[in-house]
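According to the working numbering, the stretch in the sequence shown is residues 16 to 232, in order. In this text, a Cβ means the ideal position worked out from N, Cα and C, and glycines have one as well. Quick caveat: nothing in here was measured; it's all calculated off a predicted structure.
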Amino acid sequence: MPNATPTPGKLLLSPKDHTLIMIDFQSQMAFATHSIDAVSLRNNAALVAHAAAGFGVSTILTTVAEKSFSGPMFEEITEAFPGQELLDRTSMNTWEDANVVRQVNAIGKNRLVFAGLWTSVCIVGPTLSAIDQGFEVYVITDACGDVSPEAHERAVERMMQAGARPMTSLQYLLELQRDWARSETYDLTTGIAKRFAGAYGLGIIYAKTMFGGSEGH
Numbered sequence: 016m017p018n019a020t021p022t023p024g025k026l027l028l029s030p031k032d033h034t035l036i037m038i039d040f041q042s043q044m045a046f047a048t049h050s051i052d053a054v055s056l057r058n059n060a061a062l063v064a065h066a067a068a069g070f071g072v073s074t075i076l077t078t079v080a081e082k083s084f085s086g087p088m089f090e091e092i093t094e095a096f097p098g099q100e101l102l103d104r105t106s107m108n109t110w111e112d113a114n115v116v117r118q119v120n121a122i123g124k125n126r127l128v129f130a131g132l133w134t135s136v137c138i139v140g141p142t143l144s145a146i147d148q149g150f151e152v153y154v155i156t157d158a159c160g161d162v163s164p165e166a167h168e169r170a171v172e173r174m175m176q177a178g179a180r181p182m183t184s185l186q187y188l189l190e191l192q193r194d195w196a197r198s199e200t201y202d203l204t205t206g207i208a209k210r211f212a213g214a215y216g217l218g219i220i221y222a223k224t225m226f227g228g229s230e231g232h
């Protein structure tokens with residue numbers, strides 16, 4: 016019989032053990048996204064970006080044909096990483112872009128987390144490529160979107176069959192925090208949740224406003 020200990024499992028994410036890659040959160044890509052509504056997509060992407068920035072996660076931001084076709088990256092993302100370079104590409108598969116892969120290698124972490132548009136092209140491509148090269152891959156599925164629900168669902172299934180691990184945006188934030196007694200990031204976590212986590216964020220606002228509630232006590 017295994018011996019239980021109060022320690023986190025190795026499959027859980029922590030701020031310093033992975034690189035987040037946010038792909039093609041751009042106007043043109045969002046216009047044709049119909050698997051998730053635009054408000055939810057923007058909130059979820061913003062939640063992920065601000066969580067990563069706040070916890071100091073190594074993050075790569077990449078766009079496709081930014082100036083000639085697809086437009087700027089969502090400002091909810093870029094505001095979380097002021098001054099960070101956006102790696103612009105021509106390739107639909109981010110993993111085929113030498114500048115992006117050079118950055119992955121420079122950071123040097125074998126655990127990667129992906130989010131972006133569209134799931135079936137711009138996320139499937141680098142995910143399957145990274146898995147093929149021995150990387151451990153997670154996909155934040157509600158911070159991804161596609162031209163139809165079926166396109167998104169089939170893409171997620173395909174990535175899971177190859178070994179990718181799905182998760183959600185709020186799960187990502189709370190997994191980075193993991194313990195409400197971590198006071199140094201408590202306000203960061205609840206602040207991001209209040210701003211971007213919908214009804215859960217409203218619940219935090221209510222609890223703190225009405226009776227000074229705190230999860231850590």
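Quick one: what's residue i bridged to in DSSP?
i, result
"Gln41", "Met88"
"Tyr153", "Val128, Arg180"
"Leu102", "Thr77"
"Gly160", "Leu132"
Exposed or buried, which one is residue i when buried takes at least 16 other CB atoms within 10 Å?
i, result
"Leu76", "buried"
"Leu217", "exposed"
"Val54", "exposed"
"Glu199", "exposed"
"Gly227", "exposed"
"Phe150", "buried"
Would residue i and residue j qualify as a contact pair, given that the criterion is a beta-carbon distance under 8 Å?
i, j, result
"Ile36", "Leu127", "yes"
"Val115", "Arg104", "yes"
"Ser85", "Asp39", "yes"
"Met175", "Ile155", "no"
"Ser42", "Lys124", "no"
"Val139", "Arg173", "yes"
"Ala212", "Leu185", "yes"
"Leu188", "Ala214", "no"
"Phe96", "Arg57", "no"
"Pro164", "Ser50", "yes"
"Ala60", "Ala121", "no"
"Ala166", "Ser135", "yes"
"Tyr153", "Leu28", "yes"
Starting from residue i, follow the beta strand (DSSP E) in both directions and report where the run begins and ends.
i, result
"Ser73", "73-79"
Please state the DSSP three-state secondary structure of residue i.
i, result
"Leu35", "strand"
"Ser50", "coil"
"Asp194", "coil"
"Thr20", "coil"
"Asp112", "coil"
"Leu188", "helix"
"Gly69", "helix"
"Met107", "coil"
"Ser83", "helix"
"Glu94", "coil"
In terms of residues, what are the limits of the alpha helix (DSSP H) holding residue i?
i, result
"Leu143", "139-147"
"Leu203", "201-211"
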